[in-house]
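Chains F, P, Y and X are the protein sequences, given in the same order. Per this note's numbering, residue 611 is the first one in the first sequence, and the count goes up by one each step. Per this note's numbering, residue 611 is the first one in the second sequence, and the count goes up by one each step. Per this note's numbering, residue 14 is the first one in the third sequence, and the count goes up by one each step. Per this note's numbering, residue 14 is the first one in the fourth sequence, and the count goes up by one each step. What follows is a set of notes on a single structure, which appears directly below.
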Amino acid sequence: MVRLVFLGKFGDVAPAGLAEIALPGDVRTLSDLKQWVARQEPRLGQAMEATRTRLIVNQCVAHDLTAPVSDGDEVAFLPPMSGG
Amino acid sequence: MVRLVFLGKFGDVAPAGLAEIALPGDVRTLSDLKQWVARQEPRLGQAMEATRTRLIVNQCVAHDLTAPVSDGDEVAFLPPMSGG
Amino acid sequence: MRICIAGQAFDPQAEIAAFTQGRDDVGALASFVGYCRAATDGVAVSELRIDHYPGFTENEITRLAEETVRRFDCPDLLVIHRVGVIRPGEAIVLVAALSIHRASAFDAVKVLMDYLKTDAPLWKKETGPDGARWIEPRPEDHKRRQKAEEG
Amino acid sequence: MRICIAGQAFDPQAEIAAFTQGRDDVGALASFVGYCRAATDGVAVSELRIDHYPGFTENEITRLAEETVRRFDCPDLLVIHRVGVIRPGEAIVLVAALSIHRASAFDAVKVLMDYLKTDAPLWKKETGPDGARWIEPRPEDHKRRQKAEEG
Chain F
611 MVRLVFLGKF
621 GDVAPAGLAE
631 IALPGDVRTL
641 SDLKQWVARQ
651 EPRLGQAMEA
661 TRTRLIVNQC
671 VAHDLTAPVS
681 DGDEVAFLPP
691 MSGG
Chain P
611 MVRLVFLGKF
621 GDVAPAGLAE
631 IALPGDVRTL
641 SDLKQWVARQ
651 EPRLGQAMEA
661 TRTRLIVNQC
671 VAHDLTAPVS
681 DGDEVAFLPP
691 MSGG
Chain Y
14 MRICIAGQAF
24 DPQAEIAAFT
34 QGRDDVGALA
44 SFVGYCRAAT
54 DGVAVSELRI
64 DHYPGFTENE
74 ITRLAEETVR
84 RFDCPDLLVI
94 HRVGVIRPGE
104 AIVLVAALSI
114 HRASAFDAVK
124 VLMDYLKTDA
134 PLWKKETGPD
144 GARWIEPRPE
154 DHKRRQKAEE
164 G
Chain X
14 MRICIAGQAF
24 DPQAEIAAFT
34 QGRDDVGALA
44 SFVGYCRAAT
54 DGVAVSELRI
64 DHYPGFTENE
74 ITRLAEETVR
84 RFDCPDLLVI
94 HRVGVIRPGE
104 AIVLVAALSI
114 HRASAFDAVK
124 VLMDYLKTDA
134 PLWKKETGPD
144 GARWIEPRPE
154 DHKRRQKAEE
164 G
């Protein structure tokens, strides 16, 4: 299983069913996962397209979307931040 | 009578007798007063010489030492400030 | 150094008092508190919600705070950031820096606030009369962040 | 705006809490507190005494604060300055600014502190193991004041 976390505006359009998923056979990299997510929920795909999206894998910033996704990973999708 | 106020380091060397004085006959301006004070207490004169001294007359900054001193005035002698 | 993600309202002045307690070795305390305003640009705000990513948010803010401490040689730093639902008048963020001299205390607070605006994993949603909207950093926040980096 | 010359020890955080009470129209509070340190440059300080010129000191600080409020469009300002004998650990000066945005709150506090260092009619005398000495503004205080004027 892979845990998916959608923050900020992404959380508003992410269906509950995406919180935990069985890793689809055709998803090998972070880039694959992002595209798969966009197909599952087009509004989420559009929201990610419309802004800068950062991926965090197991609490570490993913700089390279060709990195592999493995069973047991937690992947978070972050829109631009607005703290302070 | 003229009230004299000595602040900061000037206060340390000003004798109590200078707190209130009868205006001396030869003191017409602030400049006269400053010189007269220096003659009364040379340590005060030296302290004023050694630093930037500002005079305040009746709570207003004196920009011109040729301004007159009158009976009833309060004149304060200020060394450089060190607040904050 | 104390970094806290607060799920409940906090009292900024009480937190600062506890932070400075017994510190007679430092002469300067600078602080900033950002409050939830009742209106933004004249539009009423009924509620502010801040999302965070548990674990990651704490770690990232700690990293930014450590960077600030190193850069400004600042003996101690306090950061409290609210998350969850925040009402007008409540504090959102508190940054306080203790230092020997006032310049480094000021700079530490100012630069860390700039970092938090753009780099802290937090997401603000404002609810007003026209519904809710997510806030994104304004271009001037990024510019300020850039300047903080260079300065 | 509140300007206070305090002859007795005061609690900076309690004063700030009272100052901000009920102000949900402003989003930003910046503040600075200067404390009497137990040592200056490694030399123990047993006592600090601050002289002021009653009436004139209050008026001058009010004038400096009003100038700051105008310049930074700062809705509210609090200044408390201790005079008399001050013990290590006690607060000497508090400047707090409430504003809509954080930049103006920060700038107001910073610039007013610069003004106070060089332009407030106050005189500091530090007593340590080698006796007492009057403090005069350092050249960098004047430079900072100059920069504040120009900035």
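Here a beta-carbon is modelled for each residue, glycine too, at the ideal position from N, C-alpha and C.
Euclidean distance between Cα positions of residue i and residue j
| i | j | result |
| --- | --- | --- |
| Phe-85/X | Ile-29/Y | 25 Å |
| Pro-652/F | Val-124/X | 52 Å |
| Arg-638/P | Ala-677/P | 8 Å |
| Gly-141/X | Cys-49/X | 13 Å |
| Thr-131/X | Arg-662/F | 48 Å |
| Val-623/P | Phe-45/X | 34 Å |
| Gly-144/X | Ile-18/Y | 48 Å |
| Leu-90/Y | Val-82/Y | 7 Å |
| Gly-47/Y | Asp-24/Y | 12 Å |
| Val-615/F | Ile-16/Y | 23 Å |
| Arg-146/X | Gly-35/X | 43 Å |
| Val-39/Y | Ile-99/X | 15 Å |
| Pro-631/F | Asp-683/F | Rather than Pro, the amino acid found at residue 631/F in this sequence is Ile. In a straight line, the C-alpha of Ile-631/F is about 11 Å away from that of Asp-683/F. |
| Gly-102/X | Gly-693/P | 17 Å |
| Ala-31/X | Ala-672/P | 38 Å |
| Leu-654/F | Lys-160/X | 50 Å |
| Ala-22/Y | Gly-20/X | 35 Å |
| Phe-69/X | Ala-51/Y | 39 Å |
| Ile-74/Y | Pro-690/P | 44 Å |
| Ala-626/P | His-155/X | 33 Å |
| Gly-613/P | Pro-152/X | The question names Gly, but residue 613/P is Arg in the sequence shown. Straight-line Cα distance between these residues: approximately 33 Å. |
| Glu-660/F | Glu-80/X | Before going further, note that residue 660/F is Ala rather than Glu in the sequence given. Going by the C-alpha atoms only, they are around 46 Å apart. |
| Leu-640/P | Arg-664/P | 11 Å |
| Leu-61/Y | Val-96/Y | 9 Å |
Counted within 10 angstroms of its Cβ, other Cβ atoms place residue i as buried (16 or more) or exposed
| i | result |
| --- | --- |
| Leu-675/F | exposed |
| Arg-76/Y | exposed |
| Lys-619/P | buried |
| Ala-27/X | exposed |
| Ser-112/X | buried |
| Val-56/Y | exposed |
| Lys-644/P | buried |
| Arg-649/P | exposed |
| Ala-118/X | buried |
| Cys-670/F | exposed |
| His-94/X | buried |
| Arg-115/X | buried |
| Met-573/P | With chain P running from 611 to 694 in the structure shown, residue 573/P is simply not present. |
| Pro-134/X | buried |
| Asp-681/P | exposed |
| Ala-104/X | buried |
| Gly-657/F | Residue 657/F is actually Ala in this sequence, not Gly. Looking at its Cβ environment, which holds 16 or more other Cβ atoms inside 10 Å, Ala-657/F is buried. |
Which residues DSSP lists as bridging residue i, in chain order
| i | result |
| --- | --- |
| Val-671/F | Ile-666/F |
| Ser-44/X | Ser-44/Y and Ala-109/X |
| Lys-137/Y | Ile-63/Y |
| Thr-639/P | Pro-678/P |
| Gly-144/X | Gly-141/X |
| His-94/Y | Ile-18/Y and Val-106/Y |
| Phe-687/P | Phe-616/P and Leu-665/P |
| Asp-89/X | Leu-111/X |
| Val-56/Y | Thr-53/Y |
| Ile-29/Y | The partner list for Ile-29/Y (beta bridge, DSSP) is empty, contrary to what the question assumes. |
| Ile-99/X | Leu-61/X |
Same chain, Cβ closer than 6 Å to residue i, neighbours up to 5 away in sequence not counted
| i | result |
| --- | --- |
| Lys-137/X | Ile-63 and Ile-148 |
| Val-108/Y | Phe-45, Val-92, Val-122, Leu-125 and Met-126 |
| Arg-158/X | Asp-127 and Thr-131 |
| Ala-686/P | Val-615 and Ile-666 |
Cut-off 8 Å between Cβ atoms - residues of its own chain near residue i, not counting five sequence neighbours on either side
| i | result |
| --- | --- |
| Asp-636/P | Asp-642 and Trp-646 |
| Val-58/X | Cys-49, Arg-50, Ala-51, Ala-52, Pro-101, Glu-139, Thr-140 and Gly-141 |
| Cys-87/X | Thr-81, Ala-110, Leu-111, Ser-112, Ser-117, Ala-118 and Ala-121 |
| Val-679/P | Val-612, Leu-633, Val-637, Arg-638, Thr-639, Leu-640, Asp-642, Leu-643, Val-667 and Val-685 |
| Glu-71/Y | Ile-16 and Ile-18 |
Neighbourhood of residue i by C-beta distance below 7 Å, restricted to the same chain and skipping five residues each side
| i | result |
| --- | --- |
| Thr-181/Y | Residue numbering for chain Y in the displayed model covers 14 to 164; residue 181/Y lies beyond these limits and cannot be assessed. |
| Thr-33/Y | Leu-42 and Leu-111 |
| Met-14/Y | Ala-78, Val-82, Asp-89 and Leu-90 |
| Pro-67/Y | none |
| Asn-609/F | Because chain F is modelled from 611 through 694, residue 609/F falls outside the range shown and cannot be assessed. |
| Pro-150/X | Lys-130 and Thr-131 |
| Pro-634/F | Trp-646 |
Residues of the region 41 to 61 of chain X whose Cβ lies closer than 9 Å to any Cβ of chain Y, in chain order | Those would be Ala-41, Leu-42, Ala-43, Ser-44, Phe-45, Val-46, Gly-47, Tyr-48, Cys-49, Arg-50, Ala-51, Ala-52 and Thr-53, in chain order.
query: Which residues, in chain order, does the region 89 to 109 of chain Y contribute to contact with chain X at a C-beta distance below 8 Å?
result: Listed in sequence order: Pro-101 and Gly-102.
### Query
Relative to chain Y, which residues along the region 654 to 688 of chain F have a C-beta separation below 7 Å, given in chain order?
Residues passing the 7 Å Cβ filter: Ile-666, Gln-669, Ala-686 and Leu-688.
Residues of the region 125 to 150 of chain Y with a CB closer than 7 Å to any CB of chain F: list them in chain order, please. Contact residues of the region 125 to 150 of chain Y toward chain F are Met-126, Leu-129, Lys-130, Thr-131, Asp-132, Ala-133, Pro-134, Leu-135, Trp-136, Lys-137, Trp-147, Ile-148, Glu-149 and Pro-150 (C-beta to C-beta distance below 7 Å).
Got a sec: which bits of the region 615 to 633 of chain P sit with their beta carbon under 7 Å from any beta carbon on chain X, in order along the chain? So the close ones are Val-615, Leu-617, Gly-618, Lys-619 and Gly-621.
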